[in-house]
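In this note's numbering, the protein residues as written are 787 to 1044.
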């Protein structure tokens, strides 16, 4: 998709594939019949705070039946519903809110979680943030609000790949020790291997019945699965050329076959 568009963010998309696959295939209730479903109001909500990873979200939504898989190749094209950052204004089923301006997704998730509580709807809100995004002040305001309101229907997952557009997060502005900081803001915190689907499923299932806001620090690798992209900040927002695409697909398919 990113190769076809000649634009996108492969590094951060590949670091969150397992997280989002587990969410949509094992954890969340999200009817693919969308608004025509009688259980529509009771659906779990997902907010992609790190909106530049939209290609991963679209890929999963298409394979879950929200729209035709063929439409994926319109990614970032003029007039496409699959814009570079998810937009709720394009009529795309499965996109709850427009995201991509980093630092705002968790605040929106807090608001949605409060609304679900007020409407007595037994549903969860899941939001995925980047670790570079944790440098935003608005994130910490939202963290305080969630713990103050004792939101037991909110789960925040941090895709901790340790890289952002300008390099390593620890040199740009460190967010560590992230676990103790989140705990001090009143959140229950679990840390997992963000590429281990079994581990992810286990911790996210435990979040379903937890009495309070729940944070998962998912340790990941930027560009996971593609040798020349892994742990390389240069692939934050860069499309592969024809030769690089071929190598990447061969490597990913080899890993899938194993």
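Even glycine gets a Cβ: it sits at the ideal position worked out from N, Cα and C.
### Task
Take residue 792 as the anchor and find which of 1034, 863, 855, 824 has the nearest alpha-carbon.
863
#### Entry: the segment 970-981 in contact with the segment 826-836 per 3-pair CB rule at 8 angstroms
Flag = no, the segment 970-981 and the segment 826-836 do not touch.
### Message
Short of 7 angstroms in beta carbon distance, which residues of its chain neighbour residue 936, apart from the five on each side in sequence? Order them along the chain.
### Response
998
### Query
Among the residues of its own chain, which have a CB less than 8 angstroms from the CB of residue 886, if the five just before and after it don't count?
837, 838, 840, 870, 871, 872
### Query
With respect to the alpha helix (DSSP H) encompassing residue 758, which residues constitute its N-terminal and C-terminal limits?
Residue 758 lies beyond the stretch modelled for the chain, which goes from 787 to 1044, so this question has no answer here.
### Task
Mark residue 922 as exposed unless 16 or more other C-beta atoms lie within 10 angstroms of its C-beta, in which case mark it buried.
buried
### Task
Could you please give the first and the last residue of the uninterrupted beta strand (DSSP E) stretch that includes residue 1005?
1000-1005
#### Entry: Nearest-angstrom Cβ-Cβ length linking residue 1007 and residue 1016, presumed shorter than 8 angstroms
5 angstroms
### Message
Measuring only the C-alpha atoms, how far is residue 796 from residue 1025?
### Response
7 angstroms
### Query
Is it right to say residue 960 is buried, meaning 16 or more other beta carbons lie within 10 angstroms of its own, or is it exposed?
exposed
### Query
For the beta strand (DSSP E) that contains residue 913, what are its first and last residues?
911-916
### Query
What is the DSSP secondary structure of residue 945, counted as helix, strand or coil?
strand
### Query
Going straight from the alpha carbon of residue 903 to that of residue 912, what length do you get?
15 angstroms
### Query
Which residue from 996, 856, 860 puts its Cα closest to that of residue 788?
860
### Task
Give me the Cα-Cα distance between residue 1030 and residue 1013, rounded to the nearest whole angstrom.
10 angstroms
### Message
Among 1020, 900, 1010, 1023, whose alpha-carbon lies nearest the alpha-carbon of residue 1050?
### Response
Outside the shown range of the chain (787 to 1044) lies residue 1050, about which nothing can therefore be said.
### Query
Just to confirm, are residue 915 and residue 966 a CB contact at a threshold of 8 angstroms?
no
### Query
Under the three-state reduction of DSSP, which class applies to residue 979: helix, strand or coil?
strand
### Query
Mapping DSSP to helix, strand and coil, what is residue 879?
coil
### Task
Report yes or no: do the segment 844-854 and the segment 799-810 share at least 3 C-beta pairs separated by less than 8 angstroms?
Yes: the two stretches touch, three or more of their Cβ pairs being nearer than 8 angstroms.
### Task
Have a look at residue 799 and residue 981 and give me their C-alpha separation to the nearest angstrom.
13 angstroms
### Task
Would you mind stating whether residue 948 and residue 979 have Cβ atoms separated by less than 8 angstroms?
no
### Task
Could you check if residue 954 is buried or exposed, using at least 16 other CB atoms within 10 Å of its CB as the buried criterion?
exposed
### Message
By DSSP's criteria, residue 833 is part of a beta bridge. Which residues make up the other side?
### Response
In the DSSP assignment, residue 833 is bridged to 913.
### Query
Quick one: what's got a C-beta closer than 8 angstroms to residue 852's C-beta in the same chain, skipping five residues either side?
818, 820, 878, 879, 880
### Task
Under the assumption that residue 944 contacts residue 920 (Cβ atoms under 8 angstroms), give the Cβ distance between them as a whole number of angstroms.
7 angstroms
### Query
Pick from 866, 932, 906: whose alpha carbon is nearest that of residue 891?
932
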